[in-house]
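Under my numbering, the letters of the sequence shown match residues 44 to 198, in that order. Notes follow the structure.
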Amino acid sequence: MSAVFRAIEAQFEPLTEARLDQVTAIEREAYDHPWTRGNFADSLKSGYQAQLLTGGGAVLGYFVAMLGVDEVHLLNITVAPAHQHQGWGRVMLDALALWARSQRAQWLWLEVRVSNLRAQRIYERHGYRRVGERSRYYPAGHGRREDAVVMSLKL
Numbered sequence: 044m045s046a047v048f049r050a051i052e053a054q055f056e057p058l059t060e061a062r063l064d065q066v067t068a069i070e071r072e073a074y075d076h077p078w079t080r081g082n083f084a085d086s087l088k089s090g091y092q093a094q095l096l097t098g099g100g101a102v103l104g105y106f107v108a109m110l111g112v113d114e115v116h117l118l119n120i121t122v123a124p125a126h127q128h129q130g131w132g133r134v135m136l137d138a139l140a141l142w143a144r145s146q147r148a149q150w151l152w153l154e155v156r157v158s159n160l161r162a163q164r165i166y167e168r169h170g171y172r173r174v175g176e177r178s179r180y181y182p183a184g185h186g187r188r189e190d191a192v193v194m195s196l197k198l
């Protein structure tokens with residue numbers, strides 16, 4: 044049986060305070076250990092690059108990134124569960140790289156859970172390389188922590 048996808052015209056728009064409830068609802072649906080509304084609000088107050096990908100009247104996904112001196116650190120990228128497996132993650136990674144280049148960044152950096160092999164494969168297909176690990180970086184429930192894989196992309 045083949046899947047049927049309807050075409051969606053998508054666009055980016057800045058994440059604003061008015062959309063935080065919607066984004067945090069997606070975040071809770073997508074993750075066992077989601078960012079809080081406060082995490083997103085703090086990112087906006089700090090002036091981080093925070094973009095929504097919208098289309099068909101829905102939020103398809105979003106990302107939050109922090110600009111450094113010559114690098115950008117991807118802090119959060121999420122495709123809404125109802126819109127996963129449709130290529131929106133790649134669209135957001137492309138948009139992030141274009142923005143980072145426009146800021147004269149030389150590198151993109153990110154962390155991903157060691158258990159999130161699907162995301163690691165997406166990043167690798169996008170040119171990111173595994174450069175290390177951060178021990179006990181993510182909360183894992185019941186007082187445990189999970190390691191992160193550190194990945195980077197030379198722009």
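Note that the Cβ used here is the ideal one computed from N, Cα and C, for glycine as well.
For residue j and residue i, the rounded distance between their alpha carbons
i    : j    : result
F142 : G186 : Reading off the sequence shown, one finds Trp at residue 142, where the question assumed Phe. Taking the straight line joining both Cα atoms gives about 37 angstroms.
D75  : A108 : 21 angstroms
G170 : W152 : 12 angstroms
R147 : H126 : 31 angstroms
V112 : R133 : 25 angstroms
V66  : V102 : 8 angstroms
M44  : A84  : In this prediction, M44 scores a pLDDT of 44, lower than 50, which makes its location untrustworthy; the coordinate-derived value is nonetheless stated afterwards. Approximately 43 angstroms between the Cα atoms of the pair.
Y199 : G175 : Examination of residue 199 is not possible in this model, given that the chain is present from 44 through 198 alone.
L196 : V155 : 14 angstroms
I51  : G99  : 6 angstroms
Status (buried if at least 16 other CB within 10 Å, exposed otherwise) for residue i
i    : result
S86  : buried
Y191 : Sequence inspection shows Ala at residue 191; the Tyr mentioned does not correspond to that position. It is buried - the Cβ of A191 has at least 16 other Cβ atoms within 10 Å.
E60  : exposed
T79  : exposed
G184 : exposed
Simplified DSSP assignment, three categories, for residue i
i    : result
G104 : strand
H76  : coil
A140 : helix
H116 : strand
L87  : helix
E70  : helix
Query raised in the report: Hey, which unbroken runs of the alpha helix (DSSP H) at 4 residues or more fall wholly within the stretch 137 to 193?
Result: Correct list: 160 to 168.
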